[in-house]
Amino acid sequence: MIENGLYIVSESYFDKFKKLGCSFKDSKGENRPVFCCLKDLKFDGLYWAIPLSEITEEKIENGTIDRVKKYMNYKENSLGWAYYHIAKTNKPAIYNISSVLPITDHYIERKWILNQKHFVIPYTSAIKIIRRKFKRILSEENRFPNKFEQHITLIKNILINELREINITQKDIATTKEVL
């Protein structure tokens, strides 16, 4: 994965973690891209993805957009300020920052393709704000593990263990090749 790229998360990710009590808003499978916000600084192979929602007439009419804007107008030091952001992908979208997902390549179904190429959002001032909001959400999660409905800490720990197992297996293969 690359930072600022859009991807589709595999259904196996949602199936696996739902069985462990994690809850996901609108995991619409192949119809919902996630924004790969950041590569984790501590764990190689771990990334952070933010689900996106399209801004539709229905969301405008039912008040969803007004609700999101209300959160965006909270004071920057409040947690609610960090929940959402409206910015462009190829069109305006809601970044559901409080629904952030720790993820690895293993759970990526495919890249989000637009005009026959992987869609990567250029770095802009909006991306800078989204990253700041993401860090605020992650800070809250670090203070209060599994505070959010998707159980960020639980998923992160499982993914870190999976990455460690992969690294041990790869080291075993390399050692076996050296012996042969």
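Its first residue numbered 1, the sequence shown is counted upward by one per residue in the UniProt record's numbering. Glycine included, every Cβ here is placed at the ideal spot set by N, Cα and C.
Q. Quick one, are the C-beta atoms of residue 104 and residue 20 less than 8 Å apart?
A. no
Q: Take the Cβ of residue 157 as the centre, count every other Cβ of all protein chains shown within 10 Å, and call the residue buried at 16 or more, exposed below.
A: Counting Cβ neighbours within 10 Å, residue 157 comes out exposed, since fewer than 16 surround it.
Q) Roughly how many whole angstroms lie between the Cα atoms of residue 51 and residue 93? A) 10 Å
Q. In this structure, what does DSSP give as the bridge partners for residue 36?
A. 49
Q: Report all residues from its chain with a CB closer than 6 Å to the CB of residue 68; omit the five preceding and five following residues, and keep chain order.
A: 84 and 94
Q.
Rounded to whole angstroms, what is the Cα-Cα separation between residue 75 and residue 166?
A. For residue 75 and residue 166, the distance between alpha carbons rounds to 43 Å.
Q.
Distance check for residue 46 and residue 39, CA to CA, integer angstroms please.
A. Their backbone Cα atoms lie some 6 Å apart in a straight line.
(Q) Less than 8 Å between the C-beta atoms of residue 155 and residue 102, yes or no? (A) yes
Q) Quick one: what's got a C-beta closer than 6 Å to residue 120's C-beta in the same chain, skipping five residues either side? A) 4 and 5
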